[in-house]
Amino acid sequence: MPLYEYRCRRCRRRFTKLFRSIATAGDPGPCPHCGGTEVDRLLSRIVVQRRHPERSEPLDRVEWSNEEPEASEFPTSWEDDEGGELPELPDTDNPRELARWTREMSALAGEPLDPALERALRDLERGEDPDRVLERLDEETLLADTAEEDGSSTLEQVD
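Heads up: the sequence shown begins at 2 in this note's numbering, then just goes up one per residue.
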């Protein structure tokens, strides 16, 4: 079941839409934030979960809805392709722990962090206000998306 990420042209906010299959993927409908109908589909990294760790049935038999799930509904651990346990989900009230977990997952996936996310994680680790960090990250991502559309880049590379 594909999840597609979109950005509204009117409010510039991102949202995600779940489709039951690739064949049924189509118009995402209006932006859930402002009701705008002009949206662009974004490229995002994929995540594959083989099975829900707290249920015996495969994911294709799990009932899905378009409603936002509560944080308590998410599993606290996941299995990798070889059946090994992946790191537990972090305490979302602890920004430093969230930054550590993000780095660990990036390393396990073999995927480098993009420069904007790297800066955001460093800011969280230094104890900056998470809301301000996320706001800056959204602005940087928007700038990067705009630069990609224009064929230029305004963000510097992080060493």
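Beta carbons are placed, not taken as given, at the ideal position from N, Cα and C, and that holds for glycine. This one's a predicted model, so the numbers in the text were calculated from it and none came from an experiment.
Query	Result
Collapsed DSSP secondary structure at Trp101 in the structure displayed	In the sequence as displayed, the identity of residue 101 is Arg instead of Trp. Arg101: helix per DSSP, three-state reduction.
Residue burial classification, Cys32 (beta-carbon count within 10 angstroms, cutoff 16)	buried
Closest Cα partner of Ala1 within the set Gly111, Arg10, Lys18 and Pro3	Given a span of 2 to 160 for the chain in the structure shown, any question on residue 1 remains unanswerable.
Inter-residue spacing [alpha-carbon to alpha-carbon] between Thr142 and Glu105	22 Å
Backbone secondary structure at Thr17 - three-state DSSP	strand
When Leu109, Pro113, Phe16 and Asp130 are compared against Arg42, the one with the closest alpha-carbon	Phe16
Through-space distance from Ala108 to Arg13, alpha-carbon basis	30 Å
Local Cβ density within 10 Å of Cys9, reported as buried at 16 or more and exposed below that	buried
Short CB-CB distance (under 8 Å) between Phe20 and chain B	This model lacks chain B altogether; it includes just one protein chain.
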